[in-house]
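Asker:
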């Protein structure tokens with residue numbers, strides 16, 4: 480079993496309130512979940528309206544498949560015009576990790 484996680488640090492565009500922030504972040508979270516069947520949520524910077532941290536996790540029996548899914552998720556977020564992707568942290572845990 481392989482577990483992979485991504486953590487996205489995002490700068491939001493023309494957002495002036497937490498309500499506007501939700502209208503940008505929620506569709507990204509929903510699309511990642513729907514398209515790639517990953518677990519995803521806003522996990523940080525909830526009180527800042529121009530920043531967002533989104534966390535994502537996926538499980539697979541095949542490491543190459545897992546890397547492919549994580550790559551696709553990263554490309555989807557990077558391609559969104561309403562956000563600037565500041566950084567991505569990726570972690571992979573294999574079956575023999577302790």
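In our numbering, the protein residues as written are 480 to 577.
Even for Gly, the Cβ is constructed at its ideal location relative to N, Cα and C.
Remember, it's a predicted structure, so these values are computed and weren't measured experimentally.
1. Is residue 489 buried or exposed, if buried means 16 or more other CB atoms sit within 10 Å of its CB?
2. Taking the C-alpha atoms as reference points, what is the distance between residue 548 and residue 564?
3. With respect to the alpha helix (DSSP H) encompassing residue 551, which residues constitute its N-terminal and C-terminal limits?
4. Among 515, 573 and 510, which has the Cα closest to the Cα of residue 542?
5. Which residue's Cα is closest to the Cα of residue 527: 495, 513 and 569?
Answerer: A quick look at the data gives this:
1. With a 10 Å radius around the Cβ and a threshold of 16 neighbouring Cβ atoms, residue 489 comes out buried.
2. Approximately 18 Å between the Cα atoms of the pair.
3. Per DSSP, the unbroken alpha helix (DSSP H) holding residue 551 starts and ends at 542-557.
4. Each of 515, 573 and 510 was checked against the Cα of residue 542, and the nearest Cα belongs to 573.
5. Nearest to residue 527 by alpha-carbon distance, out of 495, 513 and 569, is 495.
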